[in-house]
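Beneath this line is the structure, given in structure tokens, with notes to follow.
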Amino acid sequence: MSGKVTVKQTIFQTGTTQLAVPITATTAQAVLTAAQTIKAAKPDVVEWRLDFFKPALTDHSLTQATALKLRKLLGKIVLLTTFRTTHEGGNQPVSDDAYFQLYDWLIQNQLTDMVDIELNHDPNRVASLIQSAHDHHIVVILSNHDFTATPAEAELVDRLTQMQDQHADIGKIAVMPQKPEDVTTLLKATRTASERLKIPIITMSMGELGKITRISGRQTGSVLSFATVGQASAPGQIPIEALRREMNTTESKN
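Counting in the numbering used here, the sequence shown runs from 5 upward without gaps.
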């Protein structure tokens, strides 16, 4: 049975699914405007997608100033910061060196509560980054995204196990279903991994086919679901109020 991770007042634990909303704005002012709107919807987590933020790789002073204002604005809401690479569905290209330098800078300056780091990079560099994050009391989600297919159940569980072995605090997998059976595969893998691993996990099957996986996390063991207030950051994301209703309806039937 997976353990629990506490960030501020938010608990990530099997049997409870928290809600995250992404910010995909491209400018500092737009980020803060979006955050103000999102805050009113009362999510548990706000994910700042730095791959959408144009100055992220070129202007650290502006990025830092924006991060500080964002954290102050969000108050008790958890800030998760992510730079998604184009290999895994991100919005702008980045070299490996620039990727690690950006995360190292974010961590050293303690500009976030959580970071999302992709599994598919040099394991030694990933391990070093995770250790640095822990040294600075920043929670690490280690993630893997497949926008074309859904691997077999055993492979999905193996990837989540790799994340635990790499000392992630939380493991995350997102896959794209091509047929209904793929959604079942993801749900089975989620249940198996949540029972087997010691870390909480986040899973989702994207697109219209996979919407049920964004609703059923409490039953299957996924601890975070991504919703929208405005623009989506991945296929199949549901507006936050609709997602809350669907999750409550699903829970009341069980």
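Here a beta-carbon is modelled for each residue, glycine too, at the ideal position from N, C-alpha and C.
Taking all protein chains shown into account, Lys-215 has 16 or more neighbouring C-beta atoms within 10 Å of its C-beta and is therefore buried. Rounded to the nearest whole angstrom, the CA to CA distance from Met-180 to Lys-46 is 28 Å. The continuous stretches of alpha helix (DSSP H) do not include Asn-148, which lies in the beta strand (DSSP E) extending over residues 143-150. Classified as buried, His-149 has 16 or more neighbouring CB atoms from the shown chains inside 10 Å of its CB.
Within the same chain, Ala-32 come within 8 Å of Ala-69 by CB-CB distance, once the 5 residues on both sides are set aside. In the structure shown, the three-state DSSP call for Thr-31 is coil. For Asn-128, the closest alpha carbon among the candidates Asp-139, Val-119, Phe-104 is that of Phe-104. A residue is called buried once 16 or more other Cβ atoms fall within 10 Å of its Cβ, and Arg-53 is buried on that count. Judged by DSSP secondary structure, Ile-174 falls within the beta strand (DSSP E) whose first and last residues are 174-179.
When beta bridges are read from the DSSP output, Phe-230 appears opposite Ala-24. For Phe-16, the enclosing beta strand (DSSP E) has its first and last residue at 14-17.
Rounded to the nearest whole angstrom, the CA to CA distance from Leu-66 to Leu-74 is 12 Å. Using a C-beta cut-off of 8 Å, the region 182-194 makes no contact with the region 124-140, since fewer than three inter-stretch Cβ pairs fall below that distance. With the rule of 3 Cβ pairs closer than 8 Å, the region 99-116 does not count as touching the region 151-168.
Beta-carbon to beta-carbon, Thr-116 and Leu-84 are separated by about 7 Å, close enough to satisfy the 8 Å threshold. Secondary structure of Glu-212 (DSSP, three-state): coil. Of the residues assessed, Pro-204 falls on the buried side of the cut-off, its CB having 16 or more other CB atoms within 10 angstroms.
Of the residues assessed, Ala-172 falls on the buried side of the cut-off, its CB having 16 or more other CB atoms within 10 angstroms. A residue is called buried once 16 or more other Cβ atoms fall within 10 Å of its Cβ, and Thr-30, having fewer, is exposed. Nearest in C-alpha terms to Met-208, of all of Leu-72, Gly-240, Lys-12, Gln-166, is Gly-240. With contacts defined as CB atoms closer than 8 Å, Arg-222 and Thr-20 qualify as a contacting pair.
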